[in-house]
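Chemist:
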Ligand SMILES: Nc1ncnc2c1ncn2[C@@H]1O[C@H](COP(=O)(O)OP(=O)(O)OP(=O)(O)O)[C@@H](O)[C@H]1O
Ligand SMILES: Nc1ncnc2c1ncn2[C@@H]1O[C@H](COP(=O)(O)OP(=O)(O)OP(=O)(O)O)[C@@H](O)[C@H]1O
Ligand SMILES: O[C@@H]1[C@@H](O)[C@H](O)OC[C@H]1O
Ligand SMILES: [Mg+2]
Ligand SMILES: [Mg+2]
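Residue numbers (this note's numbering), protein chains in the order written: chain A, 108 to 439; chain W, 60 to 358; chain X, 767 to 1091; chain Y, 2 to 513.
Next up, the structure:
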């Protein structure tokens, strides 16, 4: 038969484009940090790290779910609305507006479990529209993008819910070994998702579906089930992020929780190097992408760039980051 | 002159709200709806979802439905002019609430009946003057602006900044938008406090951002009211409570409870009374001297 | 006609049926709904969305997407307002020109730098909005009332609003381009299979370039109407227009993956969604849902859900593939 | 003739990520000749063509066409300069009508606008040269692979080109259609058009080609006149080693031992599905190779899809291992021990951005996993085993499958199913696009698997493959199983008779 000893790799030479594709965003992040060290006052402090990490948490948590969705070739516009739903529901439960629960811990636990689960169920609904009716993901999730926030607003009649419940707010304000709890949550989710995507059958199936759905189906992958799960996971992530946001603010405003989150999360995923067309994904990339966007925001604010100009700069940086990777990919 | 309103027992009126994305707006809507119910009037309510263009379309649909009078909370000064003119052409009187329109393009008493509301520039001024008088060495200011491009943001900035500009010992070290929202206000405040560790005043264009700023100050390990003075506008109950607690130093009221006065004005107009072109709400000013006493009357 | 053929037709014209049903519903339920005043004001207002959706339709047919249309319209309105003292045509040209500039940037990003359309236009959405705010100094910019610029948006021609005529003309032009020019067929081919189209020797780059340019130009034109109709350039207007346009295009049966699409059905989609807003306002007058404006979002979401599920059902059963001439 | 070259390519180099696909390749085509280009899978044929048409940019080398240096940077330019190409993978636009697929790029206009009437007429006319009479207004995706292939060819010859390149045009055509295509090629030749013809079916080359160029490992190793070279020499030049002459066999299938064949595993009675399959009955025993023969569109693929749970039964019943069998989705069929190697590897087979290993393990992965976690080590061993066993030409298990040549992709897919260790394997055109060397390997592999007890359902448009390989042959015509032959009875004449039954046109008017 044919001789397979051909195409011996002529040593691993350094390929600058491959390097860019792999580390482009990381380089951008490092450059930003250097810039700040040189020009931004009071940058090299623990508190700066703190501020940036706690601010980026919710985006990262949502973007992890989004990465999985995008890996299957889909997209989820509903995440912001799902954040609003879980953010609206939780206080209603732990403040005893639905059924009074005497024990605070029980009430808080019930609030967290139920509201995250509800967001997950809505995610499942997205997945159902997409797999059962073959509705395009953008449109399918547009339904809850519009209606989801409305549901949260109807639930609360639009009213702000304010509260002081330290047991609940622990997830937004607490610290363990000096590290903010939400940062720990974020790290756990990132690690779990990265591991899952790389090492498990489910992860591989997600990528296969994004790469060639028909082939995946014919290889026995339960495409519909995987999609359902992926959108449900995205919903769960959004639900958790919604809780973190309201915990930090001691208040829940159905009108605003998660507003615009879908675009932030998608931008983080793209800047992180995941292709929006599916079939490829990197969770760590998403983390770096989100941090880059966060640091851009911090840099612009800290240096007093006016909002309008900041929008233009942010646009340019997103393009630059994505373009650098694209260059790498095109030449690799 | 603006179109007349027939004298009737009950009316079908429209209320064109500009948006419903913050507690202030919700309170305003609720007040309008409650009052309509109380009087047994039919209310056609629309929500422009932050779009001036949609608000014009909303007003047009009220005209099409043949309402007797329109209460309009114009999102912006200029783009709502066509709505006011359309109503006038259709013979429907308009009463402006809370925000006004460009006086060079439409006149009270002629294109619309009157404007009822606060003066955003003045609100900024009042807070600025309080700071100048009571700052006690707190002079480095972070300003949290409202939604970029919205008239309360522009005006509250103008009123405040003009006062500060006249006092060279005060300085605005940073001014960025917090979108009138608590979460955004908090994040922006966190960042600005990091970049300007010497700042000791935060002026927020509304309560929500002020409350967000308080979280940010606390997260940075500082004490609101002591290390950093927080100033705000709107004067909702939560903010006035914060004044009582010493976390907010001063807040100008901007009362959203327009219902009673709005409907009274309509009735007076139907009765042929002369209506002043500008009806400015008598807004409270809360600081440590009166907050506890007035807390129960805050909206 | 066989059953499948019938279903396929219904798939392509389902949106028209839905539109007629909605109008019938409004006519039966509300007084004045089909009054001349209401008809003309709905047309006047929705003509802006119609223009934006037309551009979006072409972009989506190539398999792309343009998220920047809303901010581009805002930018167009600001630029048009700034130039309106120079005269109607100059204001119009300037607004459309601003839109073309954004379209040009999108086109370059997508075809030259090969940035994914979603990201490229997400970025220009931010940038256009920032630019509009900078040019307008964070405020609405008054148009000149003396130069005649407001005619475009506020006056009528043969009893109907000028913006509606403009939109109609644009749709006719769009229909001709799509069905009777090689560029139009190229648009569908690119969306159907870009690689194959390239191998077939069609100028894929040029076709994609043109659709983004056109989408920008149409958004700019919508911006001109925005400025003219409301008397002001509005830097913060246009939020969510892109989603409205996408929904209208999809409701019209155009596949988001590209390759299949119809200009006429897109117009029907715009009217369907636009009239829904109007219906909700009339419904509010009945006092049924007016207690909470939030029900409106829920109802709009549900409505979209029903329409897309029907679309999906019909098109999968009737195999509503492209047969448009 | 040889002095008047239309095309000459010399010293062509092309590397992908440092790995050479072409090295110092040279190729000349004379005016008005039909020139065969052959070589093993991955030898570089398609790459050479894509370099010529500007789809890939060459690293070095010179190209002269029609007496002038030839520099194009896109297929579009190549087309404008007189080179018309049918690429290996059908590259058309599924949603668009046949007319558009044929006429896009050289539309007819009236008053500046497209003249649909005359474009439809042109498309109809071109397809008639291939005996195809269909509604050209219908979208391409409604037609079967063969018709699509013909559309691609019609499109290419519709351009008045000086050179028409056909990269494996016959791999999805049956013999009758191949005959029609050859007539068209001869016609082109008469008109003075040159044709480059790529195929793995060596017999075809003798039927139409004047000369042949043989490629191996990115080099052009030999050019000869077709009538001066023997098949055995072609093969040994391709493989780069001398080979024995196969005795009286066109394929690598050799006689089988009846005792390997066991009990009936799958039996299907009066199946009907979709538009095409009306009434198909057949059965397969374990250890048996059952063949499906039929013209294109006879319903073989559709039947296979049904067995594998992709489509739903409209009528009829199946039993598998003695029990009723109603797979609702592929995973049901897989769980029951079935495998299905589809005919359309691009859209239903490979996941292009995944590696060879990931592609090959796609179906097996869940079985190898421990509580959902992939067992990388076990996978690696299996993948390396199959890369060796199937002779897959790749830089390693981690190379992206999209970078492999068509034939090697096919082998990866075969590996995917063999790794499952199935009880019944459905192979739809298993050797399509596979070079002679590998083809033989795959055929003997199929046989040895059957000897070990695997039941194989083999669909093939190559009659020899079915005749020599299958223990029993079922013939399908227009969605009906019309005949069954055992090995002894399955002669070419018998099969052809059953398949064709008269002289119906190749593709009927679409019955929608
Ligand atoms: N885009 C690409 N990236 C990387 N490698 C490639 C690419 N295209 C082709 N190759 C490699 O170049 C070599 C030649 O491939 P090519 O497709 O030209 O073979 P072929 O002779 O046409 O084979 P087949 O008969 O199987 O079609 C193969 O080793 C293949 O893996
Ligand atoms: N008129 C048609 N409309 C839509 N699809 C068709 C039509 N004819 C054939 N097809 C599709 O083409 C493919 C091949 O059809 P079929 O199974 O009948 O052929 P076959 O005998 O396997 O031949 P081959 O697969 O070699 O072309 C199937 O997927 C079928 O769905
Ligand atoms: O503070 C208020 C702001 O939140 C609202 O949007 O507009 C009116 C203001 O008074
Ligand atoms: Mg090839
Ligand atoms: Mg077949």
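Ideal Cβ positions, reconstructed from N, Cα and C, are used throughout, including at glycine. Since the structure is predicted, the reported quantities are computational estimates derived from the model, not experimental observations.
What does the alpha-carbon distance come out to for the pair residue 805 of chain X and residue 907 of chain X?
Modeler: If I take the Cα positions, the gap works out to 29 Å.
Chemist: So, for residue 138 of chain W: in the same chain, excluding its five sequence neighbours on each side, which residues have a beta-carbon less than 6 Å away from its beta-carbon?
Modeler: 111
Chemist: My assumption, with CB atoms under 8 Å, is that residue 443 of chain Y sits in contact with residue 405 of chain Y. Please give the rounded CB distance.
Modeler: So it is not a contact: roughly 16 Å between Cβ atoms.
Chemist: Since residue 425 of chain A and residue 374 of chain A should fall inside the 8 Å C-beta cutoff, what is the C-beta to C-beta distance between them, to a whole number of angstroms?
Modeler: 6 Å
Chemist: If I measure Cβ to Cβ from residue 1089 of chain X and keep anything under 6 Å in the same chain, skipping five residues before and after, which residues do I get?
Modeler: In this prediction, residue 1089 of chain X scores a pLDDT of 33, lower than 50, which makes its location untrustworthy; the coordinate-derived value is nonetheless stated afterwards. Hits under 6 Å: none found.
Chemist: Here's the rule: buried if 16 or more other CB atoms are within 10 angstroms of the residue's CB, otherwise exposed. What is residue 340 of chain A?
Modeler: buried
Chemist: Please indicate yes or no: does the CB of residue 408 of chain Y lie closer than 7 Å to some heavy atom of ligand 6?
Modeler: Among the ligands in the structure shown, ligand 6 does not appear; only ligand 1, ligand 2, ligand 3, ligand 4 and ligand 5 can be found there.
Chemist: When DSSP labels each residue in this structure, what does residue 202 of chain W get in the three-state scheme?
Modeler: strand
Chemist: Since I believe residue 67 of chain Y is in contact with residue 83 of chain Y (beta carbons under 8 Å), could you give me their beta-carbon distance rounded to a whole number of angstroms?
Modeler: 7 Å
Chemist: Name the one or two DSSP bridge partners that residue 325 of chain Y has.
Modeler: Y:320
Chemist: Is any heavy atom of ligand 1 found at a distance shorter than 7 Å from the C-beta of residue 188 of chain A?
Modeler: no
Chemist: So residue 365 of chain A and residue 227 of chain A are in contact, right, with Cβ under 8 Å, and what is the actual spacing, rounded?
Modeler: Residue 365 of chain A to residue 227 of chain A, Cβ: 15 Å. No contact.
Chemist: Do you know offhand how far residue 298 of chain Y's Cα is from residue 179 of chain Y's?
Modeler: 15 Å
Chemist: Once the 5 residues before and after residue 295 of chain Y are set aside, which same chain residues still bring their CB inside 7 Å of it?
Modeler: Taken in chain order, the residues that qualify are 301, 476, 477, 478 and 500.
Chemist: Could you name each continuous alpha helix (DSSP H) segment of 4 residues or more that falls completely within the region 259-344 of chain A, going from the start of the chain to the end?
Modeler: 273-280, 288-306, 308-318 and 320-325
Chemist: Name the residue from Y:323, Y:340 and Y:324 whose alpha carbon lies nearest to the alpha carbon of residue 330 of chain Y.
Modeler: By alpha-carbon distance to residue 330 of chain Y, the top candidate from Y:323, Y:340 and Y:324 is Y:340.
Chemist: What are the residues in the region 337-351 of chain Y lying within 7 Å of chain A by C-beta distance?
Modeler: 341, 343, 348, 349, 350 and 351
Chemist: Residues in the region 248-261 of chain A with C-beta within 9 Å of chain X's C-beta atoms, listed in sequence order?
Modeler: Under the 9 Å Cβ criterion, the region 248-261 of chain A contributes 249, 250, 251, 252, 253, 254, 255, 256, 257, 258, 259, 260 and 261.
Chemist: Residue 369 of chain A CB to nearest chain X CB: under 8 Å?
Modeler: no
Chemist: Cβ of residue 436 of chain Y within 7 Å of any heavy atom in ligand 4?
Modeler: no
Chemist: Cβ of residue 1078 of chain X within 8 Å of Cβ of residue 814 of chain X?
Modeler: No. Outside cutoff.
Chemist: Alpha carbon to alpha carbon, how far is residue 357 of chain Y from residue 305 of chain A?
Modeler: 16 Å
Chemist: Select from the region 232-246 of chain A all residues with a C-beta closer than 7 Å to any C-beta belonging to chain X, and list them in chain order.
Modeler: 240, 241, 242, 243, 245 and 246
Chemist: Can you find a CB in chain W that lies within less than 8 Å of the CB of residue 960 of chain X?
Modeler: no
Chemist: Looking only at DSSP bridge pairs, what is residue 40 of chain Y linked to?
Modeler: Y:216
Chemist: Report buried or exposed for residue 794 of chain X, applying the criterion of at least 16 other Cβ atoms within 10 angstroms of its Cβ.
Modeler: That one is exposed.
Chemist: Quick one: does the C-beta of residue 412 of chain Y sit closer than 7 Å to a heavy atom of ligand 4?
Modeler: no
Chemist: Looking at the secondary structure, which residues open and close the beta strand (DSSP E) in which residue 473 of chain Y lies?
Modeler: 473-478
Chemist: DSSP state of residue 358 of chain W, grouped into three classes?
Modeler: coil
Chemist: Can you find a CB in chain A that lies within less than 8 Å of the CB of residue 335 of chain Y?
Modeler: yes
Chemist: So residue 135 of chain W contacts chain X; which residues on that side make the cut at Cβ distance below 8 Å?
Modeler: 906, 998 and 1000
Chemist: In the DSSP output, what is residue 110 of chain Y paired with across the bridge?
Modeler: Y:115
Chemist: Just to confirm the assignment, what range does the beta strand (DSSP E) spanning residue 85 of chain Y have?
Modeler: 84-87
Chemist: Could you give the DSSP three-state label for residue 356 of chain Y: helix, strand or coil?
Modeler: strand
Chemist: Which residue marks the beginning of the beta strand (DSSP E) containing residue 291 of chain W, and which one marks its end?
Modeler: 288-293
Chemist: Taking residue 793 of chain X as the query, report the chain A residues whose CB atoms sit under 8 Å from its CB, ordered along the chain.
Modeler: Ordered by position in chain A, no residue passes the 8 Å Cβ test against residue 793 of chain X, which lies about 26 Å from the chain.
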